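All residue numbers in the sequence shown are consecutive under full-length UniProt numbering, ending with 312. The structure under discussion appears below in the form of structure tokens.
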Amino acid sequence: MKGPLFYSKILLFGEYGIIKDSKGLSIPYNFFKGALKTSKNLSETAVKSNESLRAFAVYLEKMQFENPELVTFDLGSLKKDVANGMYFDSSIPQGYGVGSSGALVAAIYDKYAVEKITVLENLTREKLLSLKAIFGSMESFFHGKSSGLDPLNSYLSLPILINSKDNIESASIPSQNLEGTGAVFLLDSGIIGETAPMVQIFMEQMKQDGFRNMLKDQFIKHTDACVEDFISGNIKSLFGNLKELSNVVLDNFKPMIPAEFHKLWKNGIETNDYYLKLCGSGGGGYILGFTQDINKAKKALHGYNLEVVYNF
Numbered sequence: 001m002k003g004p005l006f007y008s009k010i011l012l013f014g015e016y017g018i019i020k021d022s023k024g025l026s027i028p029y030n031f032f033k034g035a036l037k038t039s040k041n042l043s044e045t046a047v048k049s050n051e052s053l054r055a056f057a058v059y060l061e062k063m064q065f066e067n068p069e070l071v072t073f074d075l076g077s078l079k080k081d082v083a084n085g086m087y088f089d090s091s092i093p094q095g096y097g098v099g100s101s102g103a104l105v106a107a108i109y110d111k112y113a114v115e116k117i118t119v120l121e122n123l124t125r126e127k128l129l130s131l132k133a134i135f136g137s138m139e140s141f142f143h144g145k146s147s148g149l150d151p152l153n154s155y156l157s158l159p160i161l162i163n164s165k166d167n168i169e170s171a172s173i174p175s176q177n178l179e180g181t182g183a184v185f186l187l188d189s190g191i192i193g194e195t196a197p198m199v200q201i202f203m204e205q206m207k208q209d210g211f212r213n214m215l216k217d218q219f220i221k222h223t224d225a226c227v228e229d230f231i232s233g234n235i236k237s238l239f240g241n242l243k244e245l246s247n248v249v250l251d252n253f254k255p256m257i258p259a260e261f262h263k264l265w266k267n268g269i270e271t272n273d274y275y276l277k278l279c280g281s282g283g284g285g286y287i288l289g290f291t292q293d294i295n296k297a298k299k300a301l302h303g304y305n306l307e308v309v310y311n312f
């Protein structure tokens, strides 16, 4: 048995901000993917995944019991498949900010939800919000509190524009210019990040007036502008706002940036060769980079592993 493929995602803009109603833009990233599989002879990794699915099934049963209006699963089939050796076979790295748990949640919903909302129907705002709520509740099993956006992106395999908590829509983004020198890239920090501790740090900082004001007056302002610029293809304005955003993150989100990348981050802002920002919750995993000249960026980041995800 092998289920359909579910892809990783990249939240281009909106990390932390969407918790406080900033705009956000999330795109599918087809380089990494996962699918549900069943085998009698499980590898060590597959055994861990199978055990995790067993615990997840227990969680979903409790979730369904506590909130039957939200979603109903065919729990009998799920438990039977898990007992028969089902696991999530995935190339999506965990703790890298590209939605490993999101793809798994999407796969489970797709296979076991009763009366599921499908990609083929007219996706009204209500349906999108309903899916987001279901996925948020499901994904909370993996890291405490989830917005549900990662699984939504993986499930639909479409760019998602977040206007606010209660206003999301599938979006069209400018098609790539494969001849262009501008690029969005992933920079591998070589460190596994954990979402829950980073979100905890953010929530603690949110108790301070100064941090809350910075979030509203600077971080969200530049995030919103970047989303609008990216969608409308206004590259000149986008890079101006990216520089500001990169600066604000370096000044105010230092715990989320691995220490050895602080200098590299600053160097990008000073030279304008590239601008770095968080990819997901930070603390490790991938760092997201934007450049108007990928060759310049590669030279400046010589020795680091860069993966281009979008060309301007």
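Think of the CB as a built atom: it goes at the ideal place given N, C-alpha and C, for glycine as much as any other residue. Fair warning: this is a prediction, and the values are worked out from it, not measured in the lab.
| Query | Result |
| --- | --- |
| Does the count of Cβ pairs from the stretch 290–307 and the stretch 98–116 closer than 8 Å reach three? | no |
| Can you tell which of 236, 269, 139, 202 has its C-alpha closest to the C-alpha of residue 281? | 202 |
| Where do the N-terminal and C-terminal ends of the beta strand (DSSP E) with residue 185 fall, by residue? | 183–188 |
| Mind pulling the alpha helix (DSSP H) runs of 4 or more residues that sit fully within the stretch 135–213? | 149–156, 195–205 |
| Kindly indicate the opening and closing residues of the alpha helix (DSSP H) around residue 220. | 220–232 |
| Residue ranges of each beta strand (DSSP E) run of no fewer than 3 residues wholly in the stretch 244–303, ordered along the chain? | 275–278, 286–291 |
| Buried or exposed for residue 58, please, with buried defined as at least 16 other CB atoms from any protein chain shown within 10 angstroms of its CB. | exposed |
| Going by DSSP, name the residue or residues bridged to residue 311. | 183 |
| Taking just the CA atoms, how far does residue 304 sit from residue 61? | 44 Å |
| Please classify residue 262: is it buried, with 16 or more other beta-carbons within 10 angstroms of its beta-carbon, or exposed? | exposed |
| Going by DSSP in three states, residue 50 sits in which element: helix, strand or coil? | helix |
| In the DSSP assignment, what residue or residues form a beta bridge with residue 17? | Answer by DSSP bridge pairing: none, since residue 17 is not bridged. |
| Taking the Cβ atom as the reference point for each residue, do residue 144 and residue 103 lie within a distance shorter than 9 Å? | no |
| For residue 86, list the residues DSSP reports as bridge partners. | 38 |
| Can you tell me which of the three DSSP states residue 109 falls into? | helix |
| How big is the Cα-Cα spacing for residue 107 and residue 272? | 40 Å |
| Could you say which of 152, 131, 8 lies nearest to residue 69 if we only look at CA atoms? | 131 |
| Out of 43, 52, 51, 5, point me to the one whose CA is closest to residue 32's CA. | 5 |
| For residue 191, count the other beta carbons within 10 Å of its own beta carbon; 16 or more makes it buried, fewer makes it exposed. Which is it? | exposed |
| Can you look up residue 9 in the DSSP assignment and give me helix, strand or coil? | strand |
| Rounded to whole angstroms, how far is the Cβ of residue 312 from the Cβ of residue 182, which I believe are closer than 8 Å? | 3 Å |
| Helix, strand or coil for residue 114, going by three-state DSSP, please let me know. | strand |
| According to DSSP, what are the bridge partners of residue 24? | 162 |
| Using the three-state DSSP reduction, which class does residue 72 fall into: helix, strand or coil? | strand |
| With DSSP as the reference, identify every bridge partner of residue 33, one or two as the case may be. | 7 |
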